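A short write-up of the structure that comes next.
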Amino acid sequence: MVFTATLCSSFSSAPSSSSRYSLSATPSYCAFPPRRFATPRMGPSPAQAQAQAQSKEAKLWGGRFKEGVTDAVERFTESISFDKQLYKQDIKGSRAHASMLAHQGLISASDRDSILEGLEEIERRIENGEFNWRADREDVHMNIEAALTDMIGEPAKKLHTARSRNDQVLTDFRLWCRDAIDGILVSMKQLQVSLLTLALRNEGLIVPGYTHLQRAQPVLLQHLLLAYVEEHCVYDVFIVVIILKMYVLSDLFTHLIKEVIRILGRLVDCRARMNFCPLGACALAGTGLPIDRFMTSEALGFTAPLRNSIDAVSDRDFVLEFLSANAITAVHLSRLGEEWVLWASEEFGFITPSDSVSTGSSIMPQKKNPDPMELVRGKSARVIGDLVTLLTLCKGLPHAYNRDLQEDKEPVFDSVKTILGMLEVSAEFALNISFNRERIQKALPAGHLDATTLADYLVNKGVPFRTSHDIAGKSVALCTLKNCQLLDLSLDELRSINPVFEEDVYDFLGVENAIQKFVSYGSTGSACVASQIDYWMKKLEMK
Numbered sequence: 001m002v003f004t005a006t007l008c009s010s011f012s013s014a015p016s017s018s019s020r021y022s023l024s025a026t027p028s029y030c031a032f033p034p035r036r037f038a039t040p041r042m043g044p045s046p047a048q049a050q051a052q053a054q055s056k057e058a059k060l061w062g063g064r065f066k067e068g069v070t071d072a073v074e075r076f077t078e079s080i081s082f083d084k085q086l087y088k089q090d091i092k093g094s095r096a097h098a099s100m101l102a103h104q105g106l107i108s109a110s111d112r113d114s115i116l117e118g119l120e121e122i123e124r125r126i127e128n129g130e131f132n133w134r135a136d137r138e139d140v141h142m143n144i145e146a147a148l149t150d151m152i153g154e155p156a157k158k159l160h161t162a163r164s165r166n167d168q169v170l171t172d173f174r175l176w177c178r179d180a181i182d183g184i185l186v187s188m189k190q191l192q193v194s195l196l197t198l199a200l201r202n203e204g205l206i207v208p209g210y211t212h213l214q215r216a217q218p219v220l221l222q223h224l225l226l227a228y229v230e231e232h233c234v235y236d237v238f239i240v241v242i243i244l245k246m247y248v249l250s251d252l253f254t255h256l257i258k259e260v261i262r263i264l265g266r267l268v269d270c271r272a273r274m275n276f277c278p279l280g281a282c283a284l285a286g287t288g289l290p291i292d293r294f295m296t297s298e299a300l301g302f303t304a305p306l307r308n309s310i311d312a313v314s315d316r317d318f319v320l321e322f323l324s325a326n327a328i329t330a331v332h333l334s335r336l337g338e339e340w341v342l343w344a345s346e347e348f349g350f351i352t353p354s355d356s357v358s359t360g361s362s363i364m365p366q367k368k369n370p371d372p373m374e375l376v377r378g379k380s381a382r383v384i385g386d387l388v389t390l391l392t393l394c395k396g397l398p399h400a401y402n403r404d405l406q407e408d409k410e411p412v413f414d415s416v417k418t419i420l421g422m423l424e425v426s427a428e429f430a431l432n433i434s435f436n437r438e439r440i441q442k443a444l445p446a447g448h449l450d451a452t453t454l455a456d457y458l459v460n461k462g463v464p465f466r467t468s469h470d471i472a473g474k475s476v477a478l479c480t481l482k483n484c485q486l487l488d489l490s491l492d493e494l495r496s497i498n499p500v501f502e503e504d505v506y507d508f509l510g511v512e513n514a515i516q517k518f519v520s521y522g523s524t525g526s527a528c529v530a531s532q533i534d535y536w537m538k539k540l541e542m543k
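The sequence shown runs 1 to 543 under the UniProt record's numbering.
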């Protein structure tokens with residue numbers, strides 16, 4: 001126990017911003033004095049417990065209880081330390097609920113107006129830093145409701161009519177996730193704009209394409225970048241993307257853009273599926289009071305109320321799907337980070353980050369490290385971990401609501417914060433790197449990147465592909481023996497391998513010629529990439 005107390009003390013001395021989740025509540029229930037193992041930790045005496053209970057504010061749910069919870073239980077079960085960031089959504093939901101109650105005749109118009117005025121004042125105090133968040137009021141919902149009661153009295157006690165914290169928190173959480181997705185989509189736009197800017201700066205630049213991290217075929221840098229954009233969306237959401245004024249990027253650039261588009265699509269689809277309203281489901285069974293769930297759903301911008309009240313308060317699919325989309329986004333960003341970290345190394349030397357996006361070493365004065373993209377690569381593990389946390393949390397839970405689900409919020413908050421940071425710094429990094437054309441040009445001859453184009457040449461001559469593959473392979477073997485490139489082999493040397501070769505073979509050799517021979521839809525050929533860039537510029541209204 002001495003060790004445990006010391007460990008907890010070290011946590012309490014650490015800044016909360018360095019922790020994965022907020023530790024603001026941790027020191028209070030960790031910080032107990034060291035004890036010998038033989039000394040039991042005794043609870044309060046009956047008299048002490050009664051005195052403690054009398055000194056605390058009565059819980060809004062406390063009618064059937066004769067005594068209050070212990071301090072340890074209160075510290076352990078509170079969630080206000082992290083869920084207070086739902087305050088905007090909670091107030092928004094309460095406004096809609098109060099208006100519906102008045103419309104249905106369950107509260108008076110006067111009570112509704114008092115509630116709405118009080119909620120407006122509470123929101124003002126929160127945003128001005130004047131609101132007193134109290135741990136003994138447990139969570140964001142109870143803090144706001146209790147403060148409203150303190151402010152306007154009896155009318156506030158009617159606000160929770162036909163509402164449970166179970167459906168209330170799910171309404172808040174869906175609204176928050178919906179807003180978070182909108183924010184992520186905007187950040188993706190910034191990444192897309194940065195990648196497109198980078199693509200336009202490097203028109204015509206050929207780089208080695210890799211498979212198995214080995215030289216494979218030449219590709220246009222613009223083609224690769226557009227591939228990352230493609231990863232972030234799907235074709236079905238172009239209208240949504242345009243409405244949101246999302247702009248994407250250009251070929252290595254075309255590749256990047258396409259990745260972004262797929263991810264955008266996942267988030268837009270996720271947002272559509274989560275946009276159903278649980279408010280009015282109450283604890284799990286609904287209510288016997290004549291509420292209008294369609295009215296509150298419409299007021300909050302939802303598509304419709306959730307059909308089943310049990311599903312409404314127990315479902316976390318929308319969170320799992322959201323975290324899954326974030327995890328996939330993080331994985332794609334980590335791949336971008338890995339490529340750029342490699343390309344910034346002396347071994348590649350393809351890119352040079354500016355000083356503004358680089359860091360140094362505390363001991364090695366020559367070092368210039370692409371740390372932002374290393375952290376993008378590393379933080380993907382954290383976002384994946386948030387998804388695994390939620391999956392594990394939900395596994396095996398019986399219907400309907402269980403207190404375990406209080407733990408669903410911190411991983412979501414963390415995932416969103418991390419993804420937003422990863423997107424922002426990736427966009428910033430893209431705008432602050434330069435491609436080293438001379439170094440790349442010197443690297444292109446290595447690896448016989450035009451070997452597949454040579455095989456295509458032979459196919460055009462009527463040679464079966466497997467035979468063409470064998471001939472091209474023998475040609476590469478001869479180059480390896482002679483320490484030269486395919487373009488350097490004489491026609492006689494090529495004909496010594498197979499007499500099918502003619503003088504026009506040299507139109508297919510060399511990376512520049514090879515690029516011009518790519519003609520299939522979506523390929524890296526110059527004409528194809530130019531068409532892709534033109535398509536994206538028009539589709540996404542780029543000027």
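Cβ atoms here follow ideal geometry from the backbone N, Cα and C, with glycine treated the same way.
Model, not experiment: these values are computed from the prediction.
One question on the structure: do residue i and residue j come within less than 9 Å of each other, judged by their Cβ atoms?
i	j	result
P208	A527	no
A281	V313	yes
F276	F294	no
L148	A135	no
E230	C270	no
G265	V416	no
N143	I80	yes
V500	L491	no
V73	L185	no
L279	H97	yes
Y228	L200	no
L119	A430	no
H448	Q485	yes
E121	M100	no
residue 582	T418	Nothing in the structure corresponds to residue 582, since the chain is present only between 1 and 543.
If I'm right that residue i touches residue j with Cβ under 8 Å, what's the distance once you round it to whole angstroms?
i	j	result
L489	S475	7 Å
V376	S334	6 Å
Y210	L284	Actually they are not in contact, since the Cβ atoms of Y210 and L284 sit about 54 Å apart, beyond 8 Å.
D292	Q104	6 Å
T452	Q214	About 13 Å; that fails the 8 Å criterion.
L390	D408	6 Å
F413	F82	7 Å
I115	L175	That pair is no contact at about 19 Å.
S187	L420	5 Å
A472	L454	5 Å
R125	F131	4 Å
L191	S426	6 Å
I263	I181	Contact flag wrong, Cβ pair sits at about 11 Å.
Taking 7 Å as the limit between beta carbons, can you name the residues of its chain near residue i, skipping five residues before and five after?
i	result
S380	A330, V331, L333 and S334
G510	D450 and L487
D113	none
N432	P353, S354, S356 and V357
T524	V219, L220, H223, D251, I515 and F518
Is it buried or exposed, residue i, if we count other Cβ atoms within 10 angstroms and call 16 or more buried?
i	result
V237	Here V237 scores only 41 on pLDDT, less than 50, and its place in the model is too uncertain to base an answer on.
N460	exposed
R36	With a pLDDT of 41 at R36, under the threshold of 50, the modelled position of that residue is not reliable, and the figure given next carries that caveat. So R36 ends up on the exposed side.
P398	exposed
P411	buried
Q168	buried
Y535	exposed
A304	exposed
S94	buried
C177	buried
Q85	exposed
M364	exposed
P370	buried
R64	exposed
E78	buried
Among the residues of its own chain, which have a CB less than 8 Å from the CB of residue i, if the five just before and after it don't count?
i	result
G522	C528 and Q532
I want to check one thing, is the minimum distance from the CB of residue i to the heavy atoms of the ligand FMN below 8 Å?
i	result
S324	Although the ligand FMN was asked about, the structure shown includes no ligands whatsoever.
Looking only at its own chain, which residues have a Cβ that is under 6 Å from the Cβ of residue i, when we skip the five neighbours before and after it?
i	result
W340	M373
K543	none
A446	none
R439	G349
S108	none
Q89	D172, L175 and W176
C394	R316
| query | Which full runs of the alpha helix (DSSP H) of 4+ residues lie inside the stretch 476-540, going along the chain? | reply | For the stretch 476-540, whole alpha helix (DSSP H) runs of length 4 or above, ordered along the chain, are 491-497, 511-517 and 526-539.
| task | Enumerate, from N- to C-terminal direction, the unbroken beta strand (DSSP E) stretches of 3 or more residues contained entirely within the stretch 163-217. | result | Listed in chain order, the beta strand (DSSP E) elements of length 3 or more contained wholly in the stretch 163-217 are 206-211.
| task | Tell me the start and end of each unbroken beta strand (DSSP E) in the UniProt domain "Fumarate lyase N-terminal" (260-385) that is at least 3 residues and wholly inside, in chain order. | result | Listed in chain order, they are 351-353.
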